[in-house]
Structure formats: structure tokens, C-alpha cells
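Q: Protein chains in written order, with my numbering: chain A, 1 to 367; chain B, 1001 to 1412; chain C, 2001 to 2363.
Just dropping this structure here.
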Amino acid sequence: MSDANKIYVMPEENLVEVKGLKTHFFTDEGVVKAVDGVDFVVPRGKTLGIVGESGSGKSITARSIVKLIDRPGRIVDGEVLVRRRDNSIDNVVDLPQNGESIRRLRGREISMIFQEPMASLSPVHKIGRQITEMVQLHMGLDKDAARARAIEMLKRVDMPKATQTVDSYTFELSGGMRQRAMIAMALSCDPNLVIADEPTTALDVTTQATIIDLLMDLQEQMGMSVIFITHDLGVIAEIAESVVVMYLGNVVERADVDSIFHDAKHPYTQALLRSIPKLGLEKTRRLSAIEGMVPHPFRRPRGCPFHDRCRSFMKGVCDELVPPIETIAPGRQVRCLLYSDVDKVRAEQAESARAASAAVEHSEVST
Amino acid sequence: MSDKSEKKTPLAADPAAVTEETSGARAESAVGTDGNGNVQVESAAAAVIGDEYASLGQWALMWKKFRKHKLAMVGGVVTAIFYLIALFAEIIAPFPTATYNREYPYAPPQRIRLILRTDEGTSFAPHVLGLDSVVDPRSFQRTYTPNPEKVIPVRFFSHGQPYKMFGFIPGSLRLFAPAESGQPMYLLGADRLGRDLFSRIIYGTRVSMTIGLVGVFLSLFLGVLLGGISGFFGGAVDNIIQRIIEFLQSIPSIPLWMGLAAAIPQTVPPLQVYFLITVILSILGWTGLARVVRGKFFSLKTEDFVVAAELDGCSNLRTIMRHMVPSFMSHIIAVTTLAIPTMIIAETSLSFLGLGLRPPVVSWGVLLQQAQNIRAVSMAPWLLLPGIFVIIAVLGFNFLGDGLRDAADPYA
Amino acid sequence: MSSVDTQNTATPIGKEDVKPVLEVKNLKMYFPITKGLLRRRVGEVKAVDDVSFNVYEGEVFGVVGESGCGKTTTGRCITRVLKPTAGEIIYHDKRGDRVNLSDLSRSELRPYRREIRMIFQDPFSSLNPRLPVVDLIGEVLKVNRIATDAEIKERVKKLLRQVGLRPEYLERYPHAFSGGERQRIGVARALASEPRLVVADEAVSALDVSIQAQTINLLQDLQEEFNLTYIFVAHDLSVVEHICDRIGVMYVGKMVETGTKEEVFERPKHPYTEALMAAVPKPDPRLRSRGQRVRLPGEVADPSNPPSGCYFHPRCRYAQEICRTKAPSLQEHEVTPGHYSACHFAEELELKGVRPGEASASA
């Protein structure tokens, strides 16, 4: 982590690469491994969907990308490579927590949209003012140009009567309109990447559909990449090009969206897809539910964290070995021992355990 | 259909333990992000996971949370010590409040020496050194010098001057006192009449600490009753009670207290003055509590679990007593604790101004009255010591109350 | 209101012998808007405005709609958490007697509270954190003196087993349970008094995807086991389609369409129903709807100041002049009896539902 002068490389088409990211929370009660081994790439101009249930660490992953992790949380391992405006590549993990560089990254190059618009919009300032402040700060526009930009952005998000809404307060708007205002603000500085954290969860279906359409239209026009975080597989199917499925802080599967929905490899992804009722698509009396529940983070099961709910559970394998991430095809990864060479994994993990205990002994001897 | 995980044992040794997760269903389970983007870490369920924890009621959970609050624990201990002092004032104080000694006006604080060195050798014998006083012939000021020759032995758990505990239990046991009764000992100095300030502060503790408690209980009674009526029935009743509260809260408190206190005739016996003062303090004190209770009633009335109780067929009374009151009782206790120091300060202020308690009743405020005289303070700065006790007691209460408030909702 | 009368006599297709458990007639719930110190009444929010429907024994009746459509308020009127402003809620009790719940007093309601129960949306706020499971579930048995303390313990144990929790959890407090487990406790509480009708208010909406499926299965199993009737209030159309037999679609306090699940989902007769279903994202990237489906423009109308005529007309793509001026009533369809909708053009419009045919791509 201290290697600040290291030169990073990534393929030209990628905007963000996350490698082996681990974000842990050091609470009084113990360490919560909220994100514990996450790898994915965000290609330029594409949408990556991150899907997972409560406690899967999807939001923390997104926050780690812009290093918005407060105490007691800390990124303990991994790299978050981000292509900057000038085409240089920075490892966000190495940037100073509140330094100039990361502040330029947030808001200007990467912006965020949240589930609850009121959380990021101020109730005491007019919407226009909040947008103009952003563009004045990040784009260096003067006051009039900034206001023009604000109105333009509100028009772009199809805000009715944009020239008037620019002078309204957030409480004067409905939920859907607030979400539009927040999107306008997030896109006002022409970011390279938008991280949308459950932006439609609190909305009604009809509003959700229009917001999703809007986001996709804007992406086409402006060419930014999007990370779309949701628990709703239907939304993922609508919006994402590639998908990351998370479970208990791990990426369990990564693939293009069609493969996820039609050729899922990980038993968790398969089970998740089976368990949701699908409108007009099937007529079964019972849903095929996943048994049990997401374990408490202090009680991560040994081995594969999903093993006690898994239909393909292999005794003596899944409950003993931590599944490594396996690349099964270009752009397709899965973290499941069904796709690993179990003997090899066992040998490797035994070896590393021996090495670890040896290191402990060694340090005990030396002290 | 049933949860498999319940029959399995993920990691813990405890076979009955299940996976626990208490945060909002769609929020992140252990580490969630709140609306402001701050990361919150679930601690309640995370603390201890197992059967014992699962069956802990609210008071046990509160205690667990409270114990983590270091400052509050200190505050709690300090408060407890003060009430112990108040309870056992007769035993702790070496002298009754009225014991005076004309020979030692404004005598300075003395130190208890534990080791006595005499010609025969050193021995363990707690003592204070007697004071020689010289009067400056021109200024008539007295100066004291300890005299190593005059050894006044001090005995622990000795029988000193007899007293009646709480006014009716006779006794004479003292925690420590000069071996021979009648001999002077001024740990915290003496006042104008040569009375032992230490003993008087100890006795003052009793009055000052209880006046806050009694006053707050009176406020609590009024506050819960009127606030409860206001919150439960709402409508016109609520409107009237709220307007009364607003009126009372708009009156500046100190002038009102002063006016009422000044109206107490000088002929009223001290004990009655004590109670009248508590009544005066509670006249305004209940309003804040009533507001808290009303607010809690309002917010709880629409709470799903209260609706569920109603749907279970609970009567009004049962809904209130079993489902609503326990939900804010802990909160009320915290608020009450925070109200006590205000009462203590108010009593001290009134007495200091000569409008509250009057001698011969001893309270911290009454003692501080002597410190009104600048000359006396410059000569005997220890007269300000009761003020230090006020500060410590008030801080103790505030820390305790803060901790209780934080622990009041262990499910938050 | 001829439409209402016809509906009272109609039963769902193929279920002519089935008796209604509940008849809701012209239900109105208005909340006053007050202003100023004297609480002057300046208007009212018509949360539920003239809603009528029947619920038949053993069926699951779904009430769907967007937030603010009055579906939750309707549920709360039926359970009599709220006292309706007007209208009748006629409950057919075990002996077949008809009682109008809408104007019963608190004490008169008591015997019916045992038979009509409610499952809440939020598994956190609906369980008193200060009571152990045995008291939470057993409260209804205790206050109605249905069982002694010892019996309550046994019955709660049995209920816990029935909802898939361990009976040993009796003395645990809610904080020791996860969201899904808490919802099971909520279900057990609803079933403790052996009810006939259960109003499930968004009972699975707050749950995680995998827990949602478990809970839906549980509700269905329990329905079969105890011959329950459910009123299932929800906004998630996929869940409603899965669990319900008949469906009512609400929009701004009005019932705009009712009918069997098949009818409403496959051959909707109200443009709002069509738009609602088009908006549901399909969990299959090959069925992406963007650009192909029509989106509903604008916002849900303000129930304190609804538009003239048909409340839906400002957002309706089929709206004509008559829609702006005349409010449509809920009418039964000639071709498909039992299917009602409140649209002037219900018979003419060819609306698109969700057809099983669409599934072919994913199969």
C-alpha cells in the first residue's frame, strides 16, 4: 500500500479495475469483513450491475472505490485502479484520505446517486444552487454559466419546468423528481463514472421504470460508465451489461448479463434466480426458496460462506476449503469449488496455513 | 419450509445459536450506511451472540450498553458516593453541624498525619496538630501556626458526640473523630464561628442531594400524569395542557423562584421551608418532562407494535401500561437524571441569595452564603469548597444522565 | 351505484358455491387537513374513496397499487385500526352471521379481532422489543382469556414450530432474530388466535430476496393448513401474481380494476393496470423493455386535490374528452363476468397484459 510511485497499467477499454479489495470494519465486538475479496472491472461507457442481498457488502464496495469509508472501517488490502481524466491511472487505495487528488476524483470524475435523494440534497438550499456550487467548484464555471449548466442538466433529466425547478427546494418535489434532481447533480460535472446505489429501491415501479430509462439514455448521450447497485434482479436484467453477484463480502460470480440470467454457474446465483417470482413467466405453486439466511458477519461459516445454504454442498470440501476465484471463460469468473481443482486448492491452502503457523512460531521465537 | 440454518451450527460452540442479524432488512446487515452516508456498525446484536444474549431483557441490555460508557460509570460512582455520604452524614462527619469553637474562627484546613514521631520512636498514630493562634494587634487578624507539640490523636470508628440519625436513631459512632471529644479538628478549615466546614459540607450533602431528588420526583409525577393525558387523549385536552406548559416555560425561572421563595414567611419552620422549596422548583420542572412524555406517547401511538397490541384486543390501560410505558420508561429515567442537577443548582442559587433554605439548616447553598463576603473569602478561601462539591455532584449527575440516555434505547 | 350492487352478488368464476367472508361496500376513509391553532378543517385527503369489493372464503385477494393509492389504508380499515369515514365492512363470522365492522365500538370489535388478524410490513417496528417471543405471540390469547399461561406456552411452542422456528426460542427477545425470523414471529402472532381472515400488509416487501421466497412459501403452506383467507396488500406485482387468486388494482383511493389473477394479468381492462405491469422489470435481459414499452408519464395524483373525471386521465395515453369530465364507475364486463374495471373504454381497448407466451424466450 505504501508503494505510491508504482506505475499501474490496465487495458485501454477499462475505466476502473478492482483487484482483491478488502474493506474491514474494526468494531469493539470484532472485525466485520464487509468486503473480503472483490474483483471486477468497469469498462468505459458500460454498465456494471452489482447484485446482492443485505450484508453482501455491495454498498461498501462502491464506497471503497471513492474511499468513502469512515472509521472504524478501513480498506485493508487490494487495489482500486481508476483511469483519471488525463488518462493516468491512480490506485485510489494509495491516495491520501482527504487529499486534493481524491477530492477531485469524487464529484468531478466519479459521482454517486443514492437510494434516498434527501440524503445528498440539502433541504435548505435551492436545487439550482446545489448544482451550480458543484460545477463552479469542479468545472471552474462562472456564476451565470453554472446556472445555465444547472438548467441544462435539469432539462436533460426531463425535469418538468426546469427553469422554475432550478429555484425550488427539495421538499417541494415528489420522490421521483427528487431522484431526477439528484441525477442532474451527479451528472452535472460530466463524470466518467456514476455509482448508483439502489437509486430506484424507494420508488414506485412506474417511476422506477422511467428513472432506469433516463439513466440509460443519459449514459448513451454522455458516455459515462455506471455501477448500478441493487438487490433487484429484474432491475439488473434491464440495465446492466456485465454483472457481479456478491454474497457475504465476496464476489461469487462475474459474467455478462445474459450468462448470469441464462447460464449462471454459481449455486447462489442459480438459487437466487429460482427464488424470485417472475411476472407472467411461470406458474409454479411454490417458489424454490434458498434455505436459511445470510449468516451474521461475525459468524462467517468456515470454508465457502454459502455452503450451509447450498444445494451442491460437498461435505469435507465446501466446509473446509475457501473457494478461490476461478476464471472459466474470458470475462467469466466464479468462486465455487465445483469449478476448482479441489485437490490443488486443498494442497495450496494447507501449504499457506503451514506457512502462516510457521510465521507465527517464528515471530514467537524471535520475541 | 423450515430454516435449515436453525438446525445447523455454523461456527459457534453453542448448538442453539443461530445466525443473528438485527439491522433493517434491506439495509446492509452488519455494516450499513445511513442516509448521510455515514457508515454505521451494528453493535447490539453483534455484541454477544448466543442464548444468553438472546434472552436478555431491556434492562439487561441497557446495563450492558451503559457499562461501556466509561464517563457515565464514573458519574454513577460519584453520584452513588454522594448519596452514601448523604445517607450516613452523621457517621462520616466528625462533628454535629452546630459545634462551634470561638477560639478558632477561620482556622485553616489541617492534615491528618498518620505517623507520629516522638522521642520514643515512630508509631502509627493518626493525629492532627493543634493550632496556635496569634492575633495581630493592629489588624486584629488571626494567624494560625500548627504546633508540633500539640498532638490531637484521631480515632477511627470512635464514639464522638452523640447524634440522632435522621433525627430519631440515637448513636454516637463516628467514622473518625478526635479521641477526646471537644478537641478541634478542621480538615477543610473552619468558618467564622469556628465550625468544622468538613462536617457541615457532609451534612449539607444530605439536604442538597435530596432536595434535587424530591423535587424531580414531584416534577416526574406531574410530568408523567399531565404529559400522558396530553399525549394519549390529544385534541382539546392536549391543546389546553400544552398552552399551560408554554405559559409556564415563558416565565423566567430565577425571578419566579425568587418571588415564590421570598413569599415564604420567615416564621415557617426549616423543614417546611425545605418542602416548600422543592414544590417551588417542581412548578417549572414538570413542564419539560411532560413534553417528553407527550412526545413519546404521540410517536408510540402510531408505532406498529402498539397497533398490534390494540389488534390483540388489549384495553387502553393494558396497551399503555404493558406496551407503551416500558418503551419510554428508560428514557424518562435518563431525562429525570439530567433534571436533578438543575434542581441542585437552583437550590444552591436560591440559598446563596438567602431566599432558599435558611440556617440552621445546612445545605451547600447555605454554606456558600458565607462566601459572599470578599474579605472572608480572601482570608479563608476554603469557604468556597462547598462550590467544588456542587460542581462535582452536578458533573457526576450529568455524566450519569448522558450515559443513561445513550443506553436508554438499547435497540437503536 | 348499480355497479356496486352487481358486484355484491357476483362471485369469482368457477367458484359459484363459495361464500364471501368479507364484503366491502363504498368504503371511504378521509383524513382531514387542519390548519392553525384552532385546527380548522381546510380540506381532506381522500385516502380511500368509495371502494367496494368482496373477499371469498379460502382465497387470496391481492390489493395492488403504487404508494399513496390507499391500499394500506383499506387494509387498516378492514382490521379496524382506522375507523372509516363511511361505508360498510361486512364480515361473515363463523356462524354465518353478518356484522358490519365499520361502526362497531372498540369493545364490540373485540370478538372479531381474534378472527381478523394482520401481518405488518416492517418486521422490526411491529414487534415490541421489550417483550419476549412468548408474550408477543401469546398476548392475543392472554387478553382474550383464550388460554391459561401454561396453555399459552404450549400453543406458542406449537406455533413457532409451524412457522419454522425452534420452540426453544420462547424466551428470546426480538433483537435476537433476523428480519426473516421476525416476520415469522409476526406470522405466528397473526395465527395465534386461529383467525379466518388475515390482512397481510406488504408482509414480504421489506425482506431480502431469498427470505422473501421462504416467507411466501410459508404463507401459502399455512393458508392450506388452516384454510385461511388472505387479503394481500402489496406493491410488488410479481409477488401478487404468484400468491393471489383475485386482484384489485387501486389508484388514488379508487378501485380501478378487480378480477381473477388470470384475467387482470393477461387481459387487463384498465390502462393503469397495463402501465403498471409494463413497468415491472423482468428478470431476463432478453426481455428488456426499454424503448419498447410505454412509460407512464407524470406523477400519481394528489389525493387531496384529485383531477376531474377519471383520476388517471392526465397520465393515460388513451384518454378522451369524456375521461376529463366524467368519472367512470366500476363496471362488470359482459364477456368475462367477475372482471370489473373503471374505464370508459374498457370494452374497446386492446390492452397488453403479461402473457405466458413471453416466457418462451427464457424457457
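A virtual CB, placed ideally from N, CA and C, is assigned to each residue, including glycine.
Short of 8 Å Cβ to Cβ, which residues in the region 2142-2165 of chain C face chain A?
A: So nothing in the stretch comes that close.
Q: Give a yes or no on whether the C-beta atoms belonging to Thr-47/A and Val-157/A are separated by under 7 Å.
A: The residue you call residue 47/A lines up with position 47 of the first sequence. The residue you call residue 157/A lines up with position 157 of the first sequence. No, they are not a contact pair.
Q: Please classify Pro-2123/C: is it buried, with 16 or more other beta-carbons within 10 angstroms of its beta-carbon, or exposed?
A: Position 123 of the third sequence, counting from 1, holds the residue named residue 2123/C. Under this definition Pro-2123/C is a buried residue.
Q: Just confirm the distance between the C-beta atoms of Tyr-1186/B and Leu-1197/B, as a whole number of angstroms; I'd bet it's less than 8 Å.
A: Against the second sequence, residue 1186/B aligns to sequence position 186. Against the second sequence, residue 1197/B aligns to sequence position 197. Contact flag correct, Cβ pair sits at about 7 Å.
Q: If you draw a straight line from the alpha carbon of Asp-2221/C to that of Ser-120/A, how long is it in whole angstroms?
A: Translated into positions along the third sequence, residue 2221/C becomes position 221. Translated into positions along the first sequence, residue 120/A becomes position 120. About 43 Å.
Q: Use the C-beta contact count for Gln-1372/B: other C-beta atoms within 10 angstroms, 16 or more gives buried, fewer gives exposed.
A: Taking the second sequence and counting its residues from 1, the one referred to as residue 1372/B is at position 372. With fewer than 16 Cβ atoms within 10 Å of its Cβ, Gln-1372/B is classed as exposed.
Q: For Gly-1075/B, which residues from the same chain have a beta carbon less than 6 Å from its beta carbon, with the 5 sequence-adjacent residues on both sides left out?
A: Locating residue 1075/B in the second sequence gives position 75, counting from the first residue. Contacts found: Gly-1396, Phe-1399, Leu-1400.
Q: Where does Glu-2347/C fall in DSSP's three states?
A: As a working mapping, residue 2347/C is identified with position 347 in the third sequence. Looking at Glu-2347/C - three-state DSSP - the assignment turns out to be coil, as it is neither helix nor strand.
Q: For Pro-2328/C, which of Gly-2298/C, Cys-2316/C, His-2339/C, Tyr-2311/C has the nearest alpha-carbon?
A: Mapped onto the third sequence, residue 2328/C falls at position 328. That would be Tyr-2311/C, whose Cα lies nearest to the Cα of Pro-2328/C.
Q: State yes or no: is the beta carbon of Glu-2321/C nearer than 7 Å to at least one beta carbon in chain A?
A: If you number the third sequence from 1, residue 2321/C lands on position 321. No, because no Cβ of chain A sits closer than 7 Å to the Cβ of Glu-2321/C.
Q: Restricting to Cα atoms, I'd like to know which of Gly-1259/B, Ile-1251/B, Trp-1257/B, Leu-1222/B is closest to Ile-1241/B.
A: On the second sequence, position 241 is the one that residue 1241/B refers to. Checking every option, the nearest Cα to that of Ile-1241/B belongs to Leu-1222/B.
Q: Please state whether DSSP places Ser-56/A in a helix, a strand or coil.
A: Reading the first sequence from its first residue, position 56 is the one you call residue 56/A. It is coil, neither helix nor strand.
Q: Ends of the alpha helix (DSSP H) at Pro-1360/B?
A: Reading the second sequence from its first residue, position 360 is the one you call residue 1360/B. Looking at the DSSP string, Pro-1360/B is not in any alpha helix (DSSP H), and its letter there is neither H nor E.
Q: Assuming Ala-1290/B contacts Ser-1230/B (C-beta within less than 8 Å), just tell me the rounded distance between them.
A: The count along the second sequence starts at 1 and reaches residue 1290/B at position 290. The count along the second sequence starts at 1 and reaches residue 1230/B at position 230. Correct: roughly 7 Å between the Cβ atoms.
Q: What are the residues that DSSP puts in a beta bridge with Gln-2331/C?
A: Your numbering for residue 2331/C matches position 331 in the third sequence. In the DSSP output, where bridge partners are listed per residue, Gln-2331/C has Ser-2341/C.
Q: So is Val-235/A in contact with chain C if we call contact Cβ pairs under 7 Å?
A: Reading the first sequence from its first residue, position 235 is the one you call residue 235/A. By this cut-off, Val-235/A is an interface position.
Q: With a threshold of 7 Å on Cβ separation, who are the neighbours of Lys-19/A within its own chain once the five nearest residues in sequence on each side are excluded?
A: Taking the first sequence and counting its residues from 1, one reaches residue 19/A at position 19. The answer, listed in chain order, is Asp-39, Gly-78, Glu-79.
Q: In terms of residue numbering, what span does the alpha helix (DSSP H) encompassing Gly-1365/B cover?
A: For this step, residue 1365/B is matched to residue 365 along the second sequence. Counting along the chain, the alpha helix (DSSP H) containing Gly-1365/B begins and ends at 1364-1369.
Q: With C-beta atoms as the reference, is Glu-2133/C less than 7 Å away from Leu-2170/C?
A: In the third sequence, counting from the first residue as 1, residue 2133/C sits at position 133. In the third sequence, counting from the first residue as 1, residue 2170/C sits at position 170. Residue identity check: residue 2133/C is Val in the sequence provided, not Glu. It is a contact, given that the beta carbons lie within the stated cut-off.
Q: Tell me whether Pro-1269/B sits in a helix, a strand or coil according to DSSP, three-state version.
A: Taking the first residue of the second sequence as 1, we reach residue 1269/B at position 269. Note: Pro-1269/B maps to coil in three-state DSSP.
Q: Out of Ala-264/A, Leu-203/A, Leu-187/A, Gly-176/A, state which residue places its alpha-carbon closest to the alpha-carbon of Glu-152/A.
A: Residue 152/A sits at position 152 when you count from the first residue of the first sequence. For Glu-152/A, the nearest C-alpha among the options comes from Leu-187/A.
Q: For the region 1288-1321 of chain B, which residues have a beta carbon sitting closer than 9 Å to at least one beta carbon of chain C?
A: For the region 1288-1321 of chain B, which is checked against every Cβ of chain C, the residues closer than 9 Å are Glu-1303, Asp-1304, Phe-1305, Val-1306, Val-1307, Ala-1308, Ala-1309, Glu-1310, Leu-1311, Asp-1312, Gly-1313, Cys-1314, Ser-1315, Asn-1316, Arg-1318.
Q: Decide if the region 249-267 of chain A is in contact with the region 329-343 of chain A; the criterion is three or more beta carbon pairs, one per stretch, under 8 Å apart.
A: Output reads yes: the region 329-343 of chain A touches the region 249-267 of chain A.
Q: Short of 8 Å in beta carbon distance, which residues of its chain neighbour Met-246/A, apart from the five on each side in sequence? Order them along the chain.
A: Here residue 246/A refers to the residue found at position 246 of the first sequence. Closer than 8 Å at the Cβ level, and outside the excluded window around Met-246/A, lie Val-38, Ile-50, Val-51, Gly-52, Ser-56, Gly-57, Lys-58, Thr-61, Val-252.
Q: Answer yes or no: does any C-beta atom of chain C fall closer than 7 Å to that of Ala-1054/B?
A: In the second sequence, residue 1054/B corresponds to position 54, counting from 1. Yes, Ala-1054/B counts as interfacial toward chain C.
Q: Hey, is Gln-1249/B's beta-carbon within less than 7 Å of any beta-carbon in chain C?
A: As a first step, residue 1249/B is located in the second sequence; it is residue number 249 there, counting from the start. Not an interface residue.
Q: Given Arg-1375/B, which residues of its chain have a CB within under 6 Å of its CB, disregarding the five upstream and five downstream residues?
A: Locating residue 1375/B in the second sequence gives position 375, where the first residue counts as 1. Same-chain partners within the cutoff: there are none.
Q: Compare the C-alpha of Lys-2046/C against each of Thr-2325/C, Arg-2324/C, Met-2250/C and name the closest.
A: Position 46 of the third sequence, counting from 1, holds the residue named residue 2046/C. Nearest option by C-alpha distance: Met-2250/C.
Q: Using a Cβ-Cβ cutoff of less than 6 Å, which residues in the same chain neighbour Tyr-2340/C once the five nearest sequence positions on both sides are dropped?
A: On the third sequence, residue 2340/C is found 340 positions in, with the first residue counted as 1. Excluding residues within five positions, the ones whose Cβ falls inside 6 Å are Thr-2258, Leu-2330, Glu-2332.
Q: On a Cα-Cα basis, can you pick out the residue from Ile-1211/B, Phe-1095/B, Glu-1310/B, Ile-1244/B that is closest to Glu-1180/B?
A: Within the second sequence, residue 1180/B is the residue found at index 180, counting from 1. The option with the nearest alpha carbon to Glu-1180/B is Phe-1095/B.
Q: If contacts are defined as beta-carbon pairs under 8 Å, then Ala-1072/B and Leu-1404/B qualify, I think. What distance do you get, rounded to the angstrom?
A: Within the second sequence, the letter at position 72 stands for residue 1072/B. Within the second sequence, the letter at position 404 stands for residue 1404/B. Right, the Cβ-Cβ distance comes to about 7 Å (below 8 Å), so this counts as a contact.
Q: Skipping 5 residues on each side, what residues in its chain have a beta carbon closer than 6 Å to that of Ala-1025/B?
A: Numbered from its first residue, the second sequence carries residue 1025/B at position 25. The predicted position of Ala-1025/B is uncertain, since its pLDDT is 34 and thus under 50; no value can be drawn from it.
Q: From the beta carbon of Arg-2288/C, is the nearest beta carbon of chain A less than 7 Å away?
A: Residue mapping note: residue 2288/C aligns to position 288 of the third sequence, counting from 1. Yes, Arg-2288/C lies at the interface with chain A (some Cβ there is under 7 Å from its Cβ).
Q: Once DSSP output is grouped into helix, strand and coil, what is the label at Tyr-8/A?
A: For the purposes of this step, residue 8/A is taken as residue 8 along the first sequence, with counting starting at 1. Reduced to three states, the DSSP call for Tyr-8/A is coil.
Q: Cα separation between Val-2140/C and Glu-2194/C?
A: Looking up residue 2140/C in the third sequence gives position 140. Looking up residue 2194/C in the third sequence gives position 194. Roughly 10 Å separates the two Cα atoms.
Q: Take the Cβ of Met-1321/B as the centre, count every other Cβ of all protein chains shown within 10 Å, and call the residue buried at 16 or more, exposed below.
A: Along the second sequence, one-based indexing puts residue 1321/B at 321. It counts as exposed.
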